[in-house]
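**Q** Numbering (my numbering), first residue to last: 7 to 495.
We put the CB at the ideal spot given by N, CA and C, even for glycine.
Sharing a structure, written as structure tokens. Questions coming.
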Amino acid sequence: MLTPFSDFVTFFAAVVRSYLPFILVFSLVCALWKRGESPRAHLRLVVLVVVAALCGVSAAKLAITTKYFSEFSLFLSFFLPLFGLLTFLASFLKRRTLTEGVFYLVVVPFLLLLSVRSAVDLWIFIADEALTATSVVNTTLIVNGGALLTGCSVVVLLGILFTVFFNRLSLAAARILFVLFYLLLAVQWLADIFINLIRLDYLKASRGLISYVAKAHDLLVLWNYIFFALAAAVVFLFYLRRHRGVSRRQRDLLSEPERRKRTKYKLVDKRYMTAVVSFLLLGVIAQAWYDIVVASPPELSPAIPVEVGEDGRVRIKIADINDGHLHRYSYITSDGYRVRFFIIQRYADSSKYGVVFDACQICGDDGYIESNNNVICIACNVSIFIPSIGKPGGCNPIPFASTTTSDEIVIEQSELEDGANYFSEKVEIMVSDPVTGAQISNLAAPYHYSYKGHEFSFESEESMKAFINEPESYTSVGRRSVRIDGYKE
């Protein structure tokens, strides 16, 4: 469960992250093709890309409904690099009558496709994160909607500022930047082409292809920061180059009006640069917060180790757990598995407690966390109805038998031993070879054998074979439950 601030940052960062590459390319295209033209010409392009974004999202919804989304994604990923390359090559054309036709046949389709790609990526993220959980106006909807509007405003302002800067670049510098942005984007486009061809059985999966797709996906986080850093570096270097220092002699040769003119340009450019860097820094901070805080996997609270009494029982005092919060404990089984369980008061001011393993029949042993008075399954992010904890079924934690007295909860050691197969974490303990009786480490033992859900360790192959041939001669353990067994009354 996220706080309203984290919700806001999540959606704000998503907008800036999705549209920053598009804004950079759009501004460069304006610098290459519409240099010196009126803002009205740029406005027509903006209207076109907004309409394309809306149509693209509608097409993506239809593609998902008709189960043709892989084909839709392949179409975008294939034509984006193609039209991007044609856009770069066409920037070398000289004749105006020719360039106007090429602009609308090549450049505009490239911008429209890139706009669709950015809009679809953002829409998928919003659909996954859930803009709101209800159909009525609530705080979550207001916060998330405000984040989207704020992000869109920042994107528009960045677009205006980048257009101003890129229009002052030479054509050669603008082309170099376009190639750089194109190559960065092409890495992801190519990965999408490969994965969609594999999904549609047009291409056989190989180790090399899967490795490339996986690495490209892993680089997405770094890729976001590269675009932020590159955009800031371009603006900063442009400012330094445009206003690099001049000698005293050169300054003396300038007329007073020329000196004032240069001072004015420097101040204006400095303000533009400060605004761009400030907005980019805001985007970086939001993205970093999302990566470090929001997207980081939740951590389990520490589990308190329990000790088994001489009577073979674990006793937990009611006074320690009657606050309505989740209390996590751990027990080390005879073969070294760390069994986690937790206890929670099911109703306020009641004597009813849920005593359960910190594992799920469906999701495994990722465990549960308490957040904002909710108990949540880490693996699937499902919120568990607290009064139902202690009952089997669904994504509820696996219950086990216990006894509640007036001042303590009593758990049989055998119940905790029976939960070993619900967990995967092992710790090192000294165990006995059931055949020879030798003391060995459960982790360092050269041979292991599982019998009735118990793991036995052996110091030699001979002792293991002897055990396998006649296990009843060396142990009388009962069968342990596994995840598919669940809870039995």
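1) Determine the DSSP secondary structure at Leu405, reduced to helix, strand or coil.
2) Between the Cα of Val57 and the Cα atoms of Val114, Arg23, Phe98, Phe89, which residue gives the shortest distance?
3) In the DSSP assignment, the alpha helix (DSSP H) including Gln419 goes from what residue to what residue?
4) State the CB to CB distance for the pair Pro440 and Tyr480, rounded to an integer number of angstroms; the pair is presumed to be in contact (CB under 8 Å).
5) Pull the bridge partners of Asn380 from the DSSP assignment, please.
6) Which of the three DSSP states, helix, strand or coil, is assigned to Ser253?
7) Please classify Asn379 as buried or exposed, where buried requires at least 16 neighbouring CB atoms within 10 angstroms.
8) Spatial neighbours of Ala180 within its chain, please: C-beta separation below 7 Å, excluding the five flanking residues on both sides.
9) Closest to Leu95 by C-alpha separation, out of Val185, Asp326, Gly62, would be which residue?
10) By how many angstroms is the C-alpha of Met436 removed from the C-alpha of Asn475?
11) Where does Glu461 fall in DSSP's three states?
12) From Phe233, Phe363, Ile327, pick the residue whose C-alpha is nearest to that of Arg344; which is it?
13) Within the same chain, show all residues whose beta-carbon is closer than 8 Å to that of Leu215, passing over the 5 residues directly before and after it, in chain order.
14) Suppose you measure from the CA of Glu495 to the CA of Gly399; what does that come to, to the nearest Å?
15) Classify Thr71 as helix, strand or coil using the three-state DSSP reduction.
16) Around the Cβ of Thr409, are there at least 16 other Cβ atoms within 10 angstroms (buried) or fewer (exposed)?
17) I need the DSSP call for Ile298, collapsed to helix, strand or coil.
18) What span of residues does the beta strand (DSSP E) with Ser438 cover, start to end?
19) Is DSSP giving Val362 helix, strand or coil here?
20) Measuring straight from C-alpha to C-alpha, what distance separates Ser336 and Ala20?
21) Taking the continuous beta strand (DSSP E) assigned at Arg23, which residues delimit it?
22) If we ignore side chains and look at the alpha-carbon of each, how far apart do Leu49 and Leu226 end up?
23) Pop quiz: Phe18 and Gly157 are said to be a contact at Cβ under 8 Å. What is the actual Cβ separation, rounded to whole angstroms?
24) Any contact of the region 410-424 with the region 321-340, i.e. 3+ C-beta pairs under 8 Å?
25) Does the distance from the CB of Ser83 to the CB of Asp13 come in under 7 Å?
26) Over what stretch of residues does the beta strand (DSSP E) that includes Arg344 continue unbroken?
27) Going by C-alpha to C-alpha distance, which of Met279, Glu77, Ala59 sits closest to Asp207?
28) In whole angstroms, what separates the C-alpha of Asp275 from that of Trp129?
29) The alpha helix (DSSP H) spanning Arg213 covers which residue range?
30) Could you tell me which of Phe473, Tyr188, Leu154, Leu51 sits nearest to Tyr110, measuring between CA atoms?
31) Taking the alpha-carbon of Thr93 as reference, which of Ala235, Phe81, Gly107 has the nearest alpha-carbon?
32) Between Val22 and Ala292, which are expected to be in contact by the criterion C-beta below 8 Å, what is the C-beta distance as a whole number of angstroms?
33) Would you say Leu290 and Phe234 are within 7 Å of each other, going by their C-beta atoms?
34) Could you give the first and the last residue of the continuous alpha helix (DSSP H) run that contains Lys100?
35) Can you find the residues in the same chain that come closer than 8 Å, C-beta to C-beta, to Trp229, ignoring five residues on each side of it along the sequence?
36) Near Phe429, which residues of its chain fall below 7 Å by C-beta distance, leaving aside the five closest residues on each side in sequence?
**A** On the basis of the supplied data:
1) The residue you asked about is not Leu; residue 405 is Pro in the sequence shown. Three-state DSSP puts Pro405 in a strand.
2) If we check each option's Cα against that of Val57, Val114 comes out closest.
3) Residue range 419-423 is occupied by the alpha helix (DSSP H) that includes Gln419.
4) Between Pro440 and Tyr480 a beta carbon distance of about 4 Å is seen, short of the 8 Å cut, so the two are scored as contacting.
5) Beta-bridge pairing links Asn380 to Ser377.
6) Here Ser253 scores only 49 on pLDDT, less than 50, and its place in the model should not be relied on; the value that follows carries that caveat. In this structure, DSSP gives Ser253 a state outside helix and strand, which the three-state scheme calls coil.
7) Answer is exposed; the Cβ neighbour count stays below 16.
8) Same-chain partners within the cutoff: Leu34, Ala37, Leu38, Phe172.
9) In this structure, Val185 is the residue among Val185, Asp326, Gly62 with its C-alpha nearest to the C-alpha of Leu95.
10) Taking C-alpha positions only, Asn475 is separated from Met436 by approximately 24 Å.
11) Glu461 falls in the strand class under three-state DSSP.
12) Residue Phe363 is the option with its Cα nearest to Arg344.
13) Same-chain partners within the cutoff: Phe200, Ile204, Leu209.
14) Annotation note: pLDDT 44 at Glu495 (below 50); position unreliable, coordinate value reported separately. If you take the alpha carbons of Glu495 and Gly399, they lie about 13 Å apart.
15) Correct three-state label for Thr71: helix.
16) Exposed is the call here.
17) If DSSP states are grouped into helix, strand and coil, Ile298 belongs with the helices.
18) 436-438 is the span of the beta strand (DSSP E), which, as asked, contains Ser438.
19) Of the three classes helix, strand and coil, the one that applies to Val362 here is strand, per DSSP.
20) Near 39 Å, if we compare the C-alpha coordinates of Ala20 and Ser336.
21) Not the beta strand (DSSP E): Arg23 falls in the alpha helix (DSSP H), residues 10-39.
22) In this structure, the straight-line span from the alpha carbon of Leu49 to that of Leu226 is close to 31 Å.
23) Here Phe18 really is in contact with Gly157; their C-beta atoms are around 5 Å apart, less than 8 Å.
24) Cβ pair count under 8 Å is three or more, so yes.
25) In this structure, Ser83 lies away from Asp13, with their beta-carbon atoms at least 7 Å apart.
26) Arg344: member of the beta strand (DSSP E) spanning 344-351, first to last residue.
27) Residue Glu77 is the option with its Cα nearest to Asp207.
28) When rounded, the distance between both Cα atoms is 35 Å.
29) Membership of Arg213 in the alpha helix (DSSP H) is indicated by the continuous run 213-224.
30) Per the Cα distances, Leu51.
31) Among Ala235, Phe81, Gly107, the Cα nearest to that of Thr93 is on Gly107.
32) Confirmed, Cβ separation roughly 7 Å.
33) In the sequence as displayed, the identity of residue 290 is Val instead of Leu. The answer is yes: Cβ separation under 7 Å.
34) Lys100 -> no alpha helix (DSSP H), and no H or E assigned at all.
35) Leu190, Val193, Gln194.
36) The answer, listed in chain order, is Tyr343, Arg344, Val345, Arg346, Ala365, Asp371.
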